[in-house]
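Worksheet: the structure to be examined is printed underneath.
Chains as they are written, first to last, in our numbering: chain B, 18 to 205; chain S, 18 to 205.
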């Protein structure tokens, strides 16, 4: 499986159940989100614009992914609503890893390119790093309609937060076609 | 990293913070455990005994791992206390995967051999399957003192429960030596 197929399988509407562990305090906090994920072609204006912001040739983009979320966190009144566009650009010599462009998140002021890699176990790993933080996100499918996602955030003082999301596809009408199958898919 | 090194890195005492997601009901439940994990040599009586129970030659065992746990689950009065011994036996032609022997768990009556594999991203995946269930567990290290673990259980009706554990090494005095480093280790 390559990242375009991973993104293709991710497209659709999802219900995401999230738990965050504050590692230093042995505390857990829940949350829920609705995700709407859309695969964008290389020629989509949002893909081209993001490449240009990073001063990269848009023809290098493999595709784009637009992610919209609308969610709540236990104990917080304000909803979390937002969206981002991701664009993968493969390394010339290793098609399963490369650079991941991302639109600015809330409160962010500097564009930060991350890295992606698709492992032999069909897990997609996304990393991002700045002077003050390091984040690592892992995503994989248990079956075409059940996706898992973990993320861990390291700030200057050490690893601070780990989170886990169970994501269930909503209103399955036409799951995206799959050209390869993972072990878990075969069990599904 | 091979499975013996993974088990070696896992040895010691850990505090494990667990959240389980009941997938059909959008419910989460917390829990905590203390883990004590011990690497056993191929010649340990517990390793030899387990191989004999499975009618396998004990010299095929790569090592053994004894895991003791003592924990609680939110909303349940009874503590969960138990232990298990795991023994990996590599496939002849692929050193990074093989059969995983396991002692009988509470309430289990039939020995069930699972499978293990260590992926290119240094994630250890354990699977087990019977006529009525399929389980998949993934374990990886964010750094030598922080381990993550997810598990998903599928029963006859479909995927039922997913859980996530953040595991922090307790009382670090001498973390086990590592011969290779993951990306995350390098950031640690």
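Cβ atoms here follow ideal geometry from the backbone N, Cα and C, with glycine treated the same way.
In whole angstroms, what is the alpha-carbon distance linking residue i and residue j?
i: residue 89 of chain B; j: residue 95 of chain B; result: 7 Å
i: residue 97 of chain B; j: residue 52 of chain B; result: 11 Å
i: residue 187 of chain B; j: residue 28 of chain B; result: 11 Å
i: residue 171 of chain B; j: residue 151 of chain B; result: 5 Å
i: residue 144 of chain B; j: residue 19 of chain S; result: 23 Å
i: residue 136 of chain B; j: residue 73 of chain S; result: 32 Å
i: residue 84 of chain S; j: residue 166 of chain S; result: 14 Å
i: residue 141 of chain B; j: residue 139 of chain S; result: 13 Å
i: residue 23 of chain S; j: residue 60 of chain B; result: 44 Å
i: residue 104 of chain S; j: residue 75 of chain B; result: 51 Å
i: residue 155 of chain S; j: residue 160 of chain B; result: 15 Å
i: residue 153 of chain B; j: residue 69 of chain B; result: 25 Å
i: residue 92 of chain B; j: residue 48 of chain B; result: 9 Å
i: residue 67 of chain B; j: residue 101 of chain B; result: 11 Å
i: residue 64 of chain B; j: residue 162 of chain S; result: 39 Å
i: residue 110 of chain S; j: residue 106 of chain B; result: 35 Å
i: residue 175 of chain S; j: residue 175 of chain B; result: 38 Å
At a cut-off of 7 Å, is residue i close to the ligand SAH when judged by its beta-carbon and the heavy atoms of the ligand?
i: residue 65 of chain B; result: The ligand SAH is absent from the structure shown, which contains no ligand whatsoever.
Excluding the 5 residues preceding and the 5 following residue i in the sequence, name in chain order all residues of the same chain whose CB lies nearer than 6 Å to its CB.
i: residue 50 of chain B; result: 33, 86, 88
i: residue 114 of chain B; result: 108, 134
i: residue 30 of chain S; result: 53, 187
i: residue 164 of chain B; result: 158, 184
i: residue 43 of chain S; result: none
For my contact list, residue i and residue j are in at a C-beta cut-off of 8 Å; report their separation, rounded to the angstrom.
i: residue 133 of chain B; j: residue 117 of chain B; result: 5 Å
i: residue 99 of chain B; j: residue 123 of chain B; result: 6 Å
i: residue 41 of chain B; j: residue 177 of chain B; result: 7 Å
i: residue 77 of chain B; j: residue 56 of chain B; result: Actually they do not touch by this definition, with Cβ atoms about 17 Å apart.
i: residue 168 of chain S; j: residue 36 of chain S; result: No, residue 168 of chain S and residue 36 of chain S are not in contact; Cβ-Cβ is about 11 Å, not under 8 Å.
i: residue 149 of chain S; j: residue 173 of chain S; result: 6 Å
Once the 5 residues before and after residue i are set aside, which same chain residues still bring their CB inside 7 Å of it?
i: residue 21 of chain B; result: 79, 80
i: residue 215 of chain S; result: In the structure as shown, chain S starts at 18 and stops at 205, and residue 215 of chain S therefore has no counterpart that could be examined.
i: residue 131 of chain S; result: 117, 119, 143, 144, 145
i: residue 58 of chain B; result: 80
i: residue 128 of chain B; result: 70, 71, 121
i: residue 200 of chain B; result: Low local confidence applies: a pLDDT of 36 at residue 200 of chain B is under 50, so the model's placement there is unreliable, with the coordinate-based value given in what follows. Cβ within range, chain order: n/a, list empty.
Output needed for residue i: all residues of its chain with C-beta closer than 8 Å, excluding positions within five of it in sequence on either side, in chain order.
i: residue 126 of chain S; result: none
i: residue 39 of chain B; result: 45, 46, 177, 178
i: residue 112 of chain B; result: 19
Under 7 Å between beta-carbons, which chain A residues line up against residue i? List them in chain order, please.
i: residue 179 of chain B; result: Absence of chain A from the displayed structure is noted, the protein chains being B and S.
### Query
Closer than 8 Å, Cβ to any Cβ of chain B: which residues of the segment 35-53 of chain S, in chain order?
Of all residues in the segment 35-53 of chain S, those with a C-beta nearer than 8 Å to a C-beta of chain B are 36, 38, 40, 43, 45, 47, 49, reading in chain order.
### Message
Could you tell me which whole beta strand (DSSP E) segments of length 3 or greater appear in the segment 62-123 of chain S?
### Response
Within the segment 62-123 of chain S, the complete beta strand (DSSP E) segments at least 3 residues long are 81-90, 97-108, 111-119, listed from N- to C-terminus.
### Task
Return the residues of the segment 113-142 of chain B that lie within a Cβ-Cβ distance of less than 8 Å from chain S, sorted by chain order.
For the segment 113-142 of chain B, the set of residues with a beta-carbon nearer than 8 Å to any beta-carbon of chain S comprises 134, 136, 137, 138, 140, 142, in chain order.
### Message
Runs of 3 residues minimum, wholly inside the segment 146-195 of chain S: which ones carry the beta strand (DSSP E) assignment?
### Response
Unbroken beta strand (DSSP E) runs of no fewer than 3 residues, entirely contained in the segment 146-195 of chain S, are found at 150-160, 163-172, 175-186, following chain order.
### Message
Closer than 9 Å between beta carbons: that is the criterion. Which residues of the segment 63-85 of chain S meet it against chain B?
### Response
Taking 9 Å as the upper bound on Cβ-Cβ separation, chain B lies near no residue of the segment 63-85 of chain S.
#### Entry: Contact residues within the segment 97-108 of chain B, judged by C-beta distance below 7 Å to chain S
Within the segment 97-108 of chain B, no residue has a Cβ that lies closer than 7 Å to any Cβ of chain S.
### Task
Mind listing, in chain order, the continuous alpha helix (DSSP H) runs of no fewer than 4 residues lying wholly within the segment 19-46 of chain S?
The qualifying runs are 20-27.
### Query
In the segment 148-161 of chain S, which residues sit with their C-beta less than 9 Å from some C-beta in chain B, listed in chain order?
Per Cβ criterion, the list reads 151, 153, 155, 157, 159, 160.
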